[in-house]
Amino acid sequence: MWIQQSSSLPASLSDLQGRAVGLKFECNQCHTEVFTDLIGVPAVNDEADSSEHAANHEIEEIKCPGCHMTHQIEVDSTFDGVTFKVSEVAGDKVSYQVAE
């Protein structure tokens, strides 16, 4: 089941930390629907000296199959939750699915 990311609330860290997710978004250039391979959701650094330093992220790239534009994907984990960012794509236009 695809879950559309909220632009105002990050996804639940407890539901996603240590799991793998697939992302789906529409390319802003050619409007092709793009699906990623599975991406690991990084763990938050529990031993950091501040919540700012506890943040962790994973960065990937994917080429749109329609126009070959390269999109950078960033998965950010903080104590507040998990956010998925895709370059050139609005946050509320990104959906995710947790791997079984």
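Going by my numbering, the sequence shown runs without a break in its numbering and finishes at 103.
Note that the Cβ used here is the ideal one computed from N, Cα and C, for glycine as well.
The structure displayed is predicted, hence computed values, not measured ones.
Taking buried to mean at least 16 other C-beta atoms within 10 Å of its own C-beta, is residue i buried or exposed?
i, result
"L41", "exposed"
"Q8", "buried"
"A14", "buried"
"T35", "exposed"
"L12", "exposed"
What does a CB cutoff of less than 7 Å around residue i pick up in its chain, not counting 5 residues either side in sequence?
i, result
"I65", "V37, T39, H74 and I76"
For residue i, collect the residues of the same chain with a Cβ closer than 6 Å to its Cβ; drop the 5 residues on either side in sequence, then sort them by chain order.
i, result
"T81", "A58"
"T86", "P13 and D79"
Alpha carbon to alpha carbon, how far is residue j from residue i? Give it in angstroms, no decimals.
i, j, result
"G84", "Q20", "9 Å"
"V128", "C33", "Residue 128 cannot be examined here, being either before or after the span of the chain that is shown, 4 to 103."
"S90", "V101", "21 Å"
"A23", "V44", "6 Å"
Across which residues does DSSP place residue i in a beta bridge pair?
i, result
"F38", "K27"
"E61", "V78"
"K66", "T73"
"S98", "Q7 and K27"
Under 7 Å, Cβ to Cβ, is there at least one residue of chain D near residue i?
i, result
"S80", "Going by chain labels, chain D is absent from the structure shown, which holds only one protein chain."
Going along the chain, which residues of its own chain have a beta-carbon closer than 8 Å to the beta-carbon of residue i, five neighbours each way excluded?
i, result
"C70", "C30, Q32, C33 and T35"
"W5", "K27, S98, Y99 and Q100"
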